[in-house]
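Enquirer: Have a look at the structure that comes next, please.
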Amino acid sequence: LDAFGIPFFGTLNGISSLVAAIIGLLSYPLQLFGLGKSFSFSFVPIACGVLLSFAFPLILRRIPLKSWGVSYGVPKSKFRRPKNLAELKKLVAGSSKIRCSGGMYSCSPLVCSEGIVISLENFDKVLEVDLDNSIVRVQGGATIEHICQTLKPHGFAIPVMGTIDGGNIVGALMTGTHGLAIGLPAIHAFVESYQILKADGSMVDVNRGGKPDMFAAMAPSMGVMGIVTQVTIRIVPLEHLEARIEEMTFADMILKFVDTMEKNKYARMVVYPSIDKVAVWTANPVEEGTAVEAGAKKVKGVVNFRDD
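Structure follows, in structure tokens:
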């Protein structure tokens, strides 16, 4: 599991079962073939199948783990997945070059390393939801989706989440994941404190009031300050949104840009220069159910506007 990751375990198990089933189906005709010729020949295909079943995991291991945008890949053998803080500290102490991976949603090869790549996927817990102070404290590997689903029953949400909710929260913070409007900045603007593991093995709490200079340098810092093991973020009341997607030319977007940003609480634009098209996404809070009654399509979670 450390070499391939949990998602590949089922694949390996299924392929091994398939090979065993094929060998079982072929066993009777192979026996007949062996009786008619030489019995030893019947073991040749079986031996080939067995060797193939052993070789497949080795071949799979050489296939790099691809980023979300398939813009780069990282060899699976480089990944380490510590289960607790003690294992994480041991990896840091025994390695000279380290990078941490989030959800690998960045289009740039930030996670590629000559050394090891640490995944905090086992540090995925929401540790505390403080409704009185409107903050949530989570581990470094918690995904944005998991945080949102945990906050939803309490009627809260994180203020912004970029475009994708599948990545982990610290990956989004360290890479400066964008906000959702002129008045809603990048997600790291809502952080109250970080807990980091430094290269020398020490743990440091960096908060907005106690270490302002270091706090300001934390994000987006691409992880150079240390490995973020916990983060505390401000949360806001949950809203139901009516979202719209519109396509326009670049020239039209220039004329409508200011008006679009001023009249919508949430707005973003993605420009496709090669085809002179701009995808304009806007959203505004509404009472639950009113948008659906007016003809909107009800969806759960995040809808990637690029899909449309």
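Heads up: the sequence shown is residues 1365 to 1672, going by the working numbering. All C-beta atoms, glycine included, are put in the ideal place defined by N, C-alpha and C. Every value quoted in this text rests on a predicted model; they were computed, and no experiment measured them.
Taking a contact to mean a Cβ-Cβ separation below 8 Å, would you say Arg1426 touches Asn1486 in this structure?
Expert: As a working mapping, residue 1426 is identified with position 62 in the sequence shown. As a working mapping, residue 1486 is identified with position 122 in the sequence shown. No, Cβ-Cβ distance for Arg1426 and Asn1486 is not below 8 Å.
Enquirer: Could you check which residue in Glu1611, Glu1657, Gly1653 and Lys1661 has the C-alpha nearest to that of Lys1641?
Expert: Numbered from its first residue, the sequence shown carries residue 1641 at position 277. The residue with the shortest Cα to Cα distance from Lys1641 is Glu1611.
Enquirer: Quick check on the burial criterion: 16 or more other C-beta atoms within 10 angstroms. Buried or exposed for Val1568?
Expert: Position 204 of the sequence shown holds residue 1568. Looking at its Cβ environment, which holds fewer than 16 other Cβ atoms inside 10 Å, Val1568 is exposed.
Enquirer: Skipping 5 residues on each side, what residues in its chain have a beta carbon closer than 8 Å to that of Thr1593?
Expert: Reading the sequence shown from its first residue, position 229 is the one you call residue 1593. Leu1449, Leu1452, Leu1484, Phe1487, Gln1503, Gly1504, Gln1559, Ile1560, Leu1561 and Met1567, listed in sequence order.
Enquirer: Comparing alpha-carbon positions, which option in Ala1655, Val1493 and Val1534 lies nearest Pro1517?
Expert: For the purposes of this step, residue 1517 is taken as the residue at position 153 of the sequence shown. Answer by Cα proximity: Val1493.
Enquirer: According to the neighbour-count rule (16 or more other Cβ atoms, all chains shown, within 10 Å of its Cβ), is Val1600 buried or exposed?
Expert: The residue given as residue 1600 occupies position 236 in the sequence shown. With fewer than 16 other Cβ atoms within 10 Å, it is exposed.
Enquirer: If you measure between the beta carbons of Thr1539 and Ser1470, is that distance less than 8 Å?
Expert: What you label residue 1539 is simply residue 175 of the sequence shown in a count that begins at 1. What you label residue 1470 is simply residue 106 of the sequence shown in a count that begins at 1. Closer than 8 Å, so yes.
Enquirer: Taking C-alpha atoms, which residue in Leu1544, Glu1652 and Gly1590 lies nearest to Thr1624?
Expert: Indexing the sequence shown from 1 puts residue 1624 at position 260. Ranking Leu1544, Glu1652 and Gly1590 by Cα distance to Thr1624 puts Leu1544 first.
Enquirer: Taking the C-alpha atoms as reference points, what is the distance between Ile1551 and Leu1537?
Expert: Here residue 1551 refers to the residue found at position 187 when the sequence shown is read from its first residue. Here residue 1537 refers to the residue found at position 173 when the sequence shown is read from its first residue. If you take the alpha carbons of Ile1551 and Leu1537, they lie about 6 Å apart.
Enquirer: For Val1656, list the residues DSSP reports as bridge partners.
Expert: By one-based count along the sequence shown, residue 1656 stands at place 292. Val1656 pairs with nothing; no bridge assigned.
Enquirer: How is Ser1381 classed by DSSP in three states: helix, strand or coil?
Expert: For this step, residue 1381 is matched to residue 17 along the sequence shown. Three-state DSSP puts Ser1381 in a helix.
Enquirer: May I ask you to list the residues that DSSP assigns as paired with Leu1633?
Expert: Within the sequence shown, numbered from 1, the residue matching residue 1633 stands at position 269. What sits at residue 1633 in the sequence shown is Met, not Leu. Answer is Val1644, bridged to Met1633.
Enquirer: Under the assumption that Val1490 contacts Ile1511 (Cβ atoms under 8 Å), give the Cβ distance between them as a whole number of angstroms.
Expert: Position 126 of the sequence shown, counted from the start, is the residue given in the question as residue 1490. Position 147 of the sequence shown, counted from the start, is the residue given in the question as residue 1511. With 8 Å as the limit, Val1490 and Ile1511 qualify as a contact, their Cβ atoms being about 6 Å apart.
Enquirer: Please state whether DSSP places Asp1494 in a helix, a strand or coil.
Expert: Position 130 of the sequence shown holds residue 1494. Three-state result, Asp1494: strand.
Enquirer: Just to confirm, is the Cβ distance from Ala1660 to Glu1603 under 8 Å?
Expert: Here residue 1660 is taken as the residue at index 296 of the sequence shown, counted from 1. Here residue 1603 is taken as the residue at index 239 of the sequence shown, counted from 1. No, Cβ-Cβ distance for Ala1660 and Glu1603 is not below 8 Å.
Enquirer: Skipping 5 residues on each side, what residues in its chain have a beta carbon closer than 6 Å to that of Ala1647?
Expert: Taking the first residue of the sequence shown as position 1, residue 1647 is located at position 283. Cβ neighbours of Ala1647 beyond the five flanking positions: Leu1605, Ala1607 and Tyr1630.
Enquirer: In whole angstroms, what is the alpha-carbon distance linking Met1633 and Arg1463?
Expert: As a first step, residue 1633 must be located in the sequence shown, where it is residue number 269. As a first step, residue 1463 must be located in the sequence shown, where it is residue number 99. Cα to Cα, Met1633 sits roughly 31 Å from Arg1463.
Enquirer: Answer with buried or exposed for Ala1580, where buried requires no fewer than 16 other C-beta atoms within 10 angstroms of its C-beta.
Expert: Translated into the one-based positions of the sequence shown, residue 1580 becomes position 216. Looking at its Cβ environment, which holds fewer than 16 other Cβ atoms inside 10 Å, Ala1580 is exposed.
Enquirer: Does DSSP put Thr1541 in a helix, a strand or coil?
Expert: Residue numbering aside, residue 1541 sits at position 177 when the sequence shown is read from its first letter. It is coil, neither helix nor strand.
Enquirer: Quick one: residues in its chain with C-beta nearer than 8 Å to the C-beta of Ala1521, no 5 flanking neighbours on either side, listed in chain order?
Expert: The sequence position of residue 1521 within the sequence shown is 157, counting from 1. Cβ neighbours of Ala1521 beyond the five flanking positions: Cys1512, Leu1515, Ile1599, Val1600, Pro1601, Leu1602 and Glu1603.
Enquirer: Report yes if the CB atom of Phe1614 is closer than 8 Å to the CB atom of Val1635, and no otherwise.
Expert: Translated into the one-based positions of the sequence shown, residue 1614 becomes position 250. Translated into the one-based positions of the sequence shown, residue 1635 becomes position 271. Result yes, Cβ atoms of Phe1614 and Val1635 sit closer than 8 Å.
Enquirer: Can you check whether the CB of Val1438 is closer than 8 Å to the CB of Val1475?
Expert: What you label residue 1475 is simply residue 111 of the sequence shown in a count that begins at 1. What you label residue 1438 is simply residue 74 of the sequence shown in a count that begins at 1. It is a contact, given that the beta carbons lie within the stated cut-off.
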